[in-house]
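>
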Amino acid sequence: MAERAPQPPAKRLCCRPGYNATCRQGQRAAGAPCGGSASAESSKKQNPESLLDIAARKVAEKWPFQRVEERFERIPEPVQRRIVYWSFPRSEREICMYSSFNTGGEEIGSSGESNDETRLPFRRGIALLESGCVDNVLQVGFHLSGTVREPATPSEPELVCNVSVSFDRCKITAVTCGCGNKDIFYCAHVVALSLYRVRKPEQVKLRLPISETLFQMNRDQLQKFVQYLITVHHTEVLPTAQKLADEILSQNSEINQVHGAPDPTAGASVDDDNCWHLDEEQVQEQVKLFLSQGGYHGSGKQLNLLFSKVREMLKMRDSNGARMLTLITEQFMGDPRLALWRQQGTTMTDKYRQLWDELGALWMCIVLNPHYKPEQKGFWLRQLRRWNGVDVCPLEDGNHVSELSNLTNALPQGPPGDPDPLTRPHRTVFTRAIEACDLHWQDPHLQHIITEDHCTNYCHHYNLDSSLFDARGWPLWHEHVPTACARVDALRSHGYPKEALRLAIAIVNTLRRQQQKQLEFFRAHKKELLLKGITSVTNLEGWVGHPLDPIGTLFSTLMEAGRSCEDGAAAQLDFSGSPGSGRRTERPVSPPRRFLEDGESLASLAVGTALIGLGQQRAMPDGLYAQEKVCRNEEQLLARLQEVELDDTVVKIFRKQAVILLEAGPYSGLGELLYRESVPMHTFAKYLFASLLPHDAELAYKIALRAMRLPVLESTGPSSDLSRPHHIVSVVPNRLPRWFTLSHIETQQCELASTMLTAAKGDARRLETVLESIQKNIHSASHIFKLAQDAFKIATLMDSLPDITLLKVSLELGLQVMRMTLSTLNWRRREMVRWLVTCATEAGVFALDSIMQSWFTLFTPTEATSVVASTVMSNSTIVRLHLDCHQQENLANSARTLALQCALKDPQNCALSALTLCEKDHIAFETAYQIVLDAAATGMNYTQLFTIARYMEHRGYPMRAYKLATLAMTHLNLSYNQDTHPAINDVLWACALSHSLGKNELASVIPLVVKSVKCATVLSDILRRCTLTTPGMVVLHSRRNSGKLMPLDKAPLRQLLDATIGAYINTTHSRLTHISPRHYSEFIEFLSKARETFLMAHDGHIQFTQFIDNLKQIYKGKKKLMMLVRERFG
260 MAERAPQPPA KRLCCRPGYN ATCRQGQRAA GAPCGGSASA ESSKKQNPES
310 LLDIAARKVA EKWPFQRVEE RFERIPEPVQ RRIVYWSFPR SEREICMYSS
360 FNTGGEEIGS SGESNDETRL PFRRGIALLE SGCVDNVLQV GFHLSGTVRE
410 PATPSEPELV CNVSVSFDRC KITAVTCGCG NKDIFYCAHV VALSLYRVRK
460 PEQVKLRLPI SETLFQMNRD QLQKFVQYLI TVHHTEVLPT AQKLADEILS
510 QNSEINQVHG APDPTAGASV DDDNCWHLDE EQVQEQVKLF LSQGGYHGSG
560 KQLNLLFSKV REMLKMRDSN GARMLTLITE QFMGDPRLAL WRQQGTTMTD
610 KYRQLWDELG ALWMCIVLNP HYKPEQKGFW LRQLRRWNGV DVCPLEDGNH
660 VSELSNLTNA LPQGPPGDPD PLTRPHRTVF TRAIEACDLH WQDPHLQHII
710 TEDHCTNYCH HYNLDSSLFD ARGWPLWHEH VPTACARVDA LRSHGYPKEA
760 LRLAIAIVNT LRRQQQKQLE FFRAHKKELL LKGITSVTNL EGWVGHPLDP
810 IGTLFSTLME AGRSCEDGAA AQLDFSGSPG SGRRTERPVS PPRRFLEDGE
860 SLASLAVGTA LIGLGQQRAM PDGLYAQEKV CRNEEQLLAR LQEVELDDTV
910 VKIFRKQAVI LLEAGPYSGL GELLYRESVP MHTFAKYLFA SLLPHDAELA
960 YKIALRAMRL PVLESTGPSS DLSRPHHIVS VVPNRLPRWF TLSHIETQQC
1010 ELASTMLTAA KGDARRLETV LESIQKNIHS ASHIFKLAQD AFKIATLMDS
1060 LPDITLLKVS LELGLQVMRM TLSTLNWRRR EMVRWLVTCA TEAGVFALDS
1110 IMQSWFTLFT PTEATSVVAS TVMSNSTIVR LHLDCHQQEN LANSARTLAL
1160 QCALKDPQNC ALSALTLCEK DHIAFETAYQ IVLDAAATGM NYTQLFTIAR
1210 YMEHRGYPMR AYKLATLAMT HLNLSYNQDT HPAINDVLWA CALSHSLGKN
1260 ELASVIPLVV KSVKCATVLS DILRRCTLTT PGMVVLHSRR NSGKLMPLDK
1310 APLRQLLDAT IGAYINTTHS RLTHISPRHY SEFIEFLSKA RETFLMAHDG
1360 HIQFTQFIDN LKQIYKGKKK LMMLVRERFG
């Protein structure tokens, strides 16, 4: 940290006494020794501390040394020495703060990579100190110098660093080290030298400021001093020495126009800021580096560590906290990605957005510093307004227009105005900090709340005002809750834990009183509100998910104070990890017991506060990021609640809050009146359910069942009354909801239901109630299916007997899923159908029979036959159910009935399945066959009919197969060029079947073939097959054919031959119309096949010759092609 550049010239000018009127008067006697060890003065003794040391220490802490010199005419040398001695920092904590990210524990190095803790600058500095690597330590006034030796390593030689440190009022104000290390924090060498001075002050040579020594010298001594100094360092200082000499000898030089001369060892001037040394350049460079990495290499974690460092500085009341945050903010505002995202209309990443939120929250803490100076607040306000006015400054909720007005003040009592959203100013991440600049700490009641000395007496004498105190005389603080909690966070952040605790308790007591009043109001007006169907929300912005995180702040404040009390007396903070190291003792924050109920602890108060905040009914905010933040903040708060042990006191609070939340009407997210766009309570209720279940199951189920609601998904929400009953702020009811986190919310709703199903196993009444709630409130088929699967798994655990009731719930949910997805597209539909059959099988024969009886409300005909009925009639199902013959037959009858019904409704897709399922029942099979015949004329295509026909042949019904094949042929039409059509094989099979059945069947099918098939190659193939074998080679009705081949010149083959020749002629002319030279050879081969068919006729040779002659005449223009025809065919 700024250990490379030389120190700037000292600001303070020192001169001899009597040089002029402004010089300090009266120095100590000349010739008094300045050197010597300070061991006598600083050695630890058992005697009481001297008054000189006490006074010198206080002066050294608070006064700049120039003011001391100006205040007193003469300062004795012993007094000066003690002030100089006590001016060096005495606490190792501050040195640790400036040389590592955290004051203890595991850290990450600033380079972004995980480092061993021993490599941290502070730990390394301690190691160097304890290894005896610090030497030549000298303190001259307010300047400490020394050498630190870095031992050699296998890869690096030994390094000796010259280190110097300037300090003022117990703060290190400047450091210089020869190591050249560039980092935000002090290097290990600066740490080693500083800790040497802290731990071994008696071993440090102490001298007064060098100007004091020079004052004691006469002219000869001064000349000798200067000449020796130049001689020792002539190569470095000779040019500078000559320049200064020239200027001093010149009467009109600038150096002679001022009195005195600078002394870097003389301490601070009155105008100097008293703050620790912070390398601003390195802070800016590091932040810029982390931002440029875009979230990679742990840069987001590094930035969070920097924010934690700012909070640590604020807690130590170090002015560098605001200074460092300013530097960080400037780099954030200069991030080039902001302009890029704005141009592209894209949003920043979630992690980056959270960094901006923390930036805004830190500025809120800074401007709420209870001991700020007005000029400081003015400076911060100007900075914030400047950043706020930049176009690319991120908005608070991520939206382009915010619908919230200034909320740092309490909500108005009357109806709020409704200005045009487009005219409202954007609320950036800095808006709340800017608004907080209008807040102050001078309110008398606020002062008495946070001031322990006055609180008790004040409450005792001035408890008449009910708005300031409750009936018990406990102080209340009425302010916009997030703003009030921001005050608590500011007090904690600036190192005022007791004051923060007192204000937090006052806020919590106010929240509890407000909750009780709301409960009483709703009870008094319950009938009226329920009758009107009021759906309103009590807060325009919720406390959970709020940018200022009010509930999280209260919870942290109370829990930390509670842990501090439990830990007992002082907490020892050891910064070195070694015996004898410096320690800082902190007193625990003791709770004001007067304002806690009997038996109540701070931890239990924190739990109650969290429950109040989580249960608050609030509107879902606009924008993706704001909605995600609500979910994330809720989950974080619940995770912290889960760390609290559920003892009897905490369970009592759970019960009390659960009852209030159920009965608080529109003020509670678990009340009877729920605004349509309220934030759902599923995640919160799941936690409450799990916590209350072992202690009060009835209450746990009431909470969980009430929380199952999700009215935003209801098609029509309850009507909203805009009359605005007292204390209820209505929200515009017709705003179209855009819930970006709806998928996550539905998942949480599903998990809540699953938790209840698991807990209700074995309890029929509760399972029925949970089932009704699921069916009423969950609108996603996928989530209901998941619940059905969960219930099935729980009901059929391997190590126990099936839970029949839970199994029925699972089945019922599955049936609902079937009904919901029957007429909609769902990619998991087939999986759902198969699972339902499995569930019904586990439930028993009755369940299977039931779903088959009502199949038309659950399944498509295809699903019912191919999945349901087929599975029911499988051997595995029979074995699984242990059915006897009678039960098997009944179940099979139901499946066959289902199959026939499906075939009747959808013969195209279900006829074959119906035939297959009805094979073993003659009547049912005949019925299915008749359904196919009836549908063949109009409702089925040739592919389906050919498939069924082949099935019939396979089952031993060739005549039925023949009939279905002829019906299929009537739907078929093959053109001349479809020689690769998929139906060709079916046509060949049909002809072969007819041929095998006999001459009459073949004679009947050939006219159908001639009519349907125009492709010459297919017809020629059929013709050849019919001439190779004798028709009727199968036994049919005990009749065998004559065994003679059929002639080609007689029916029915004559008709097929003529059709084939005609097809070749037509196909030839069609191909010649658009033929290209590259297809000539293929065409010649086609004519060769045509000639083979022509020659099968009695006068085929003559016909083919005439055909070729016609081609030559008609297409004589295609000379090359005709030449090829002549070469092949003459």
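Counting from 260, one number per residue, gives the positions in the sequence shown under this note's numbering.
For every residue, glycine included, the Cβ atom is placed at its ideal position computed from N, Cα and C.
Should residue 902 be labelled buried (16 or more other beta-carbon atoms within 10 Å of its own) or exposed?
Residue 902 comes out exposed.
> Note the first and the last residue of the continuous beta strand (DSSP E) segment covering residue 1155.
Where residue 1155 is concerned, there is no enclosing beta strand (DSSP E), although the alpha helix (DSSP H) it sits in stretches over 1144 to 1164.
> Determine the DSSP secondary structure at residue 955, reduced to helix, strand or coil.
Of the three classes helix, strand and coil, the one that applies to residue 955 here is coil, per DSSP.
> With DSSP as the reference, identify every bridge partner of residue 425, one or two as the case may be.
Paired residue(s): 402 and 433.
> Does the stretch 1084 to 1093 touch the stretch 1119 to 1127, meaning 3 or more C-beta pairs lie closer than 8 Å?
Taking 8 Å as the limit for Cβ pairs, the verdict is that the stretch 1084 to 1093 does touch the stretch 1119 to 1127.
> Just to confirm the assignment, what range does the beta strand (DSSP E) spanning residue 1379 have?
Here residue 1379 belongs to no beta strand (DSSP E); instead the alpha helix (DSSP H) covers 1378 to 1388.
> What did DSSP end up calling residue 875 once you bin it into helix, strand or coil?
In this structure, residue 875 counts as strand in the three-state DSSP scheme.
> Residue 671 by DSSP, collapsed to three states: which one?
Per-residue confidence for residue 671 stands at a pLDDT of 32, beneath the threshold of 50, marking its modelled position as unreliable; no derived number is given.
> For a quick check, are the C-beta atoms of residue 1194 and residue 1158 less than 8 Å apart?
Contact flag unset, no.
> Tell me which same chain residues have a C-beta within less than 7 Å of the C-beta of residue 280, skipping the five on either side of it?
Interpretation of residue 280 is limited by its pLDDT of 35, a score under 50 that renders its predicted location unreliable; the figure taken from the coordinates is listed afterwards. Counting only Cβ-Cβ distances below 7 Å, and skipping sequence neighbours, we find nothing.
> Between residue 427 and residue 889, what straight-line distance do the alpha-carbon atoms span, to the nearest angstrom?
For residue 427 and residue 889, the distance between alpha carbons rounds to 47 Å.
> Give, in chain order, every unbroken run of the alpha helix (DSSP H) that is at least 4 residues long and sits entirely within the stretch 539 to 585.
For the stretch 539 to 585, whole alpha helix (DSSP H) runs of length 4 or above, ordered along the chain, are 539 to 551 and 558 to 574.
> Evaluate the contact criterion for the stretch 415 to 423 versus the stretch 454 to 466: three or more CB pairs, one atom per stretch, below 8 Å.
In short, these stretches do not touch, since the Cβ pair count stays below three.
> Tell me whether residue 409 sits in a helix, a strand or coil according to DSSP, three-state version.
If DSSP states are grouped into helix, strand and coil, residue 409 belongs with the strands.
> Look up residue 1274 in the DSSP assignment and say whether it is helix, strand or coil.
If DSSP states are grouped into helix, strand and coil, residue 1274 belongs with coil.
> Measuring CB to CB, does residue 1036 end up less than 8 Å from residue 969?
Result yes, Cβ atoms of residue 1036 and residue 969 sit closer than 8 Å.
> Do you know offhand how far residue 1079's Cα is from residue 1121's?
Going from the Cα of residue 1079 to the Cα of residue 1121 covers about 17 Å.
> How long is the line joining the alpha carbons of residue 905 and residue 945, rounded to whole angstroms?
Distance between the alpha carbons of residue 905 and residue 945 is about 16 Å.
> Whole angstroms are fine: how far does the CA of residue 581 sit from the CA of residue 326?
So the two alpha carbons sit approximately 26 Å from each other.
> For residue 1236, which of helix, strand or coil comes out of DSSP?
Residue 1236 falls in the coil class under three-state DSSP.
> Contact check, residue 1221 vs residue 1271 under 8 Å by CB: the rounded distance?
Not a contact, Cβ separation roughly 16 Å.
> Determine the direct distance from the alpha carbon of residue 1061 to that of residue 1070, and round the result to whole angstroms.
Rounded to the nearest angstrom, the two C-alpha atoms are 13 Å apart.
> With a 10 Å radius around its C-beta and 16 neighbouring C-beta atoms as the bar for buried, classify residue 217 as buried or exposed.
For the chain, the structure presents residues 260 to 1389; residue 217 sits outside this window and is missing.
> Shorter than 8 Å from the beta carbon of residue 350 to some beta carbon of chain D?
Note that chain D does not occur in the displayed structure, where there is just one protein chain.
> In the DSSP output, which residue or residues are listed as bridge partners for residue 913?
The partner list for residue 913 (beta bridge, DSSP) is empty, contrary to what the question assumes.
> Give me the residue from 943, 948 and 751 with the minimum Cα distance to residue 1401.
With the chain represented from 260 up to 1389, any question about residue 1401 goes unanswered, as that position is not in the structure.
> Keeping to the same chain, check which residues put their C-beta closer than 7 Å to that of residue 1184; ignore five residues upstream and five downstream.
Closer than 7 Å at the Cβ level, and outside the excluded window around residue 1184, lie 1174, 1177 and 1178.
> Among 652, 624 and 584, which has the Cα closest to the Cα of residue 596?
Measuring from the Cα of residue 596, the nearest candidate turns out to be 652.
> Report yes if the C-beta distance between residue 1235 and residue 1325 is below 8 Å; otherwise report no.
Cβ atoms of residue 1235 and residue 1325: closer than 8 Å.
> Starting from residue 466, trace the alpha helix (DSSP H) both ways and give me its first and last residue.
First-last for residue 466: 464 to 466, but that is the beta strand (DSSP E), not the alpha helix (DSSP H).
> According to DSSP, simplified to helix, strand and coil, what is residue 937?
Strand.
> Tell me the rounded alpha-carbon separation between residue 749 and residue 310.
Straight-line Cα distance between these residues: approximately 37 Å.
> Where residue 632 and residue 626 are concerned, what is the direct C-alpha to C-alpha distance, given to the nearest angstrom?
Cα to Cα, the separation comes out at about 10 Å.
> Give the single residue among 629, 703 and 807 whose Cα lies nearest to the Cα of residue 691.
Nearest option by C-alpha distance: 807.
> Please report the straight-line C-alpha distance between residue 1147 and residue 1040, rounded to a whole angstrom.
Cα-Cα distance, rounded: 33 Å.
> Does residue 527 pass the burial test, meaning 16 or more other C-beta atoms within 10 Å, or should it be called exposed?
Label assigned to residue 527: buried.
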